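Following: one structure in structure tokens, then a few remarks.
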Amino acid sequence: MDFYGKLNDLDINEKSKNDYVTAADKASEAYLINELKKTYPDISVLAEESGHHDPQNTRYWIIDPLDGTRNFIHGLPFFSISLALYDTDQIKLGIIFDPIHNHFYSAEKGNGAFKDGKAMQVSKKTLDKAFLATGFPFHRKQVLDAYLHSFHDVFGYVGNIRRCGSAALDLAYVADGKFDGFWEIGLNKWDFAAGVLMVEEAGGVVSDFNNTADYFESGNIIAANKTLHNELYTIIHTHFK
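Take 2 as the starting number for the sequence shown in my numbering and just add one per residue.
Listed below in structure tokens is the structure:
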């Protein structure tokens, strides 16, 4: 948090159009990798800024050192640190930390999802009452038309929609029942790995736009309670066939 709110002091670089990295991203990632390697030397790392350290290893940490970098740069208090353990085709552990509000979200495969030690559960809302979160495909303009058509159709049925800028925290909010559902296209593994497990362990359903679990390949995510998930899938998948 030493860098937060100090825009002029930040070392900001544009990795690609609308995709930024700051000194805070780099410092956070270096710290996390160093601590994990000290404690778990045999587990590899896949991190947003430094990539995959050992692609042959089937066990690795998936790290997003600062999810919501653009918010962080501009002093908007919605960003997070996300960490997940991927082991032989499954996410086994997920952690998301919200440093602004000092909330710690966690989930372990088969053992539930928790916020600050208290069990989380997804909401029971249906589409007409749902408060949804989404994200915009700034880095995938080739699917912009399809996304906008899906947004238009969801918008016509839903209670309300927000675009907050941190997919990891959006998913944690779905697990905690603050948001009723979430969808986004073309995410990276580090954006959603921890959050997906949280939603599932909190009683929710997560799929790609074909209603399968292949979101690790596509990066396309729909997450909600079972009823709302089916309603969202019915609308969204028609635009991404």
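By construction, the Cβ of each residue, glycine as well, lies at the ideal position given by its N, Cα and C atoms.
As the structure is a prediction and not an experimental result, all values here were calculated from the model.
- For T135, the residue or residues it bridges with in DSSP: What you label residue 135 is simply residue 134 of the sequence shown in a count that begins at 1. DSSP, once it has assigned bridges, lists W184 as partnering T135.
- Query: When we look at the beta-carbon of T135 and count the other beta-carbons within 10 Å, is it buried (16 or more) or exposed?
  - Reply: Counting from 1 along the sequence shown, the entry for residue 135 is found at position 134. Buried, because 16 or more other Cβ atoms sit within 10 Å of the Cβ of T135.
- Message: Please report the straight-line C-alpha distance between D154 and Y106, rounded to a whole angstrom.
- Response: Here residue 154 corresponds to residue number 153 of the sequence shown, with the count starting at 1. Here residue 106 corresponds to residue number 105 of the sequence shown, with the count starting at 1. C-alpha separation (whole angstroms): 32 Å.
- Message: I'd like the span of the beta strand (DSSP E) that includes K39, first residue to last.
- Response: The sequence position of residue 39 within the sequence shown is 38, counting from 1. Counting along the chain, K39 falls outside any beta strand (DSSP E), though it belongs to the alpha helix (DSSP H) covering A24 to T40.
- Message: Run through the DSSP bridge pairs and tell me what R163 is partnered with.
- Response: Reading the sequence shown from its first residue, position 162 is the one you call residue 163. According to DSSP, R163 bridges with A134.
- Query: So, helix, strand or coil for Y106, using DSSP?
  - Reply: The count along the sequence shown starts at 1 and reaches residue 106 at position 105. Residue state, collapsed to three classes: strand.
- Task: Please classify L145: is it buried, with 16 or more other beta-carbons within 10 angstroms of its beta-carbon, or exposed?
- Result: Residue mapping note: residue 145 aligns to position 144 of the sequence shown, counting from 1. By the neighbour-count rule (16 or more Cβ atoms within 10 Å), L145 is not buried but exposed.
- Please check the pair V175 and G182, which I expect to be a contact at CB under 8 Å, by giving their CB distance rounded to whole angstroms. In the sequence shown, the residue the question calls residue 175 occupies position 174. In the sequence shown, the residue the question calls residue 182 occupies position 181. That belief holds up - the Cβ atoms of V175 and G182 are roughly 6 Å apart, short of 8 Å.
- Query: Does the pairing of the stretch 223 to 238 with the stretch 205 to 213 give three or more beta-carbon distances under 8 Å?
  - Reply: yes
- Query: Per DSSP, which one or two residues make a beta bridge with I237?
  - Reply: Position 236 of the sequence shown, counting from 1, holds the residue named residue 237. BP columns for I237 are empty, so no partner.
- Message: With distance defined between alpha-carbon atoms, name the residue in D12, A85, N72 and R71 nearest to I44.
- Response: Reading the sequence shown from its first residue, position 43 is the one you call residue 44. The option with the nearest alpha carbon to I44 is A85.
- Item | Whole-angstrom C-beta distance between I64 and E30, which should lie under 8 Å | As a position in the sequence shown, residue 30 is number 29, starting the count at 1. As a position in the sequence shown, residue 64 is number 63, starting the count at 1. About 6 Å separates the two Cβ atoms, so the contact holds.
- Query: Closest by CA to L149, which one among P138, V159 and Q57?
  - Reply: Position 148 of the sequence shown, counted from the start, is the residue given in the question as residue 149. Cα-wise, what sits closest to L149 is P138.
- Item | Proximity below 7 Å, CB of N226 to CB of V123 | Sequence index remark: in the sequence shown, residue 226 carries index 225 (1-based). Sequence index remark: in the sequence shown, residue 123 carries index 122 (1-based). Yes, they are a contact pair.
- Query: For the candidate residues A195, Y216, K242 and W184, whose alpha-carbon lies nearest to that of S81?
  - Reply: As a working note, residue 81 is residue 80 in the sequence shown. For S81, the nearest C-alpha among the options comes from A195.
- Item | 6 Å CB neighbourhood of Y158 in its chain, flanking five on each side removed | Residue mapping note: residue 158 aligns to position 157 of the sequence shown, counting from 1. Once the five neighbours on either side are set aside, the close Cβ partners of Y158 are L128.
- Look at the Cβ atom of T70, then the Cβ atom of D12, and state whether they are nearer than 7 Å. Within the sequence shown, residue 70 is the residue found at index 69, counting from 1. Within the sequence shown, residue 12 is the residue found at index 11, counting from 1. No.
- Quick one: what's got a C-beta closer than 6 Å to G113's C-beta in the same chain, skipping five residues either side? Position 112 of the sequence shown holds residue 113. Here the set comprises A120 and E202.
- Item | As assigned by DSSP and simplified to three states, the class of A214 | Looking up residue 214 in the sequence shown gives position 213. Here A214 sits in coil by DSSP.
- Message: Whole angstroms are fine: how far does the CA of T89 sit from the CA of G205?
- Response: Position 204 of the sequence shown holds residue 205. Position 88 of the sequence shown holds residue 89. G205 and T89: Cα-Cα distance of roughly 22 Å.
- Message: Could you compute how far the alpha carbon of A173 sits from the alpha carbon of H53?
- Response: For the purposes of this step, residue 173 is taken as residue 172 along the sequence shown, with counting starting at 1. For the purposes of this step, residue 53 is taken as residue 52 along the sequence shown, with counting starting at 1. Going by the C-alpha atoms only, they are around 25 Å apart.
- Going along the chain, which residues of its own chain have a beta-carbon closer than 8 Å to the beta-carbon of F115, five neighbours each way excluded? For the purposes of this step, residue 115 is taken as residue 114 along the sequence shown, with counting starting at 1. Around F115: Y106, S107, A108 and M121.
- Task: Could you give the DSSP three-state label for K179: helix, strand or coil?
- Result: Here residue 179 refers to the residue found at position 178 when the sequence shown is read from its first residue. Note: K179 maps to coil in three-state DSSP.
- Query: Residues in its own chain within less than 8 Å of T228 by CB, not counting five upstream and five downstream?
  - Reply: Taking the sequence shown and counting its residues from 1, one reaches residue 228 at position 227. Excluding residues within five positions, the ones whose Cβ falls inside 8 Å are K125 and T127.
- Task: On a CA-only basis, which of W62, F156 and H102 is nearest I96? Give me that one, please.
- Result: Locating residue 96 in the sequence shown gives position 95, where the first residue counts as 1. The option with the nearest alpha carbon to I96 is W62.
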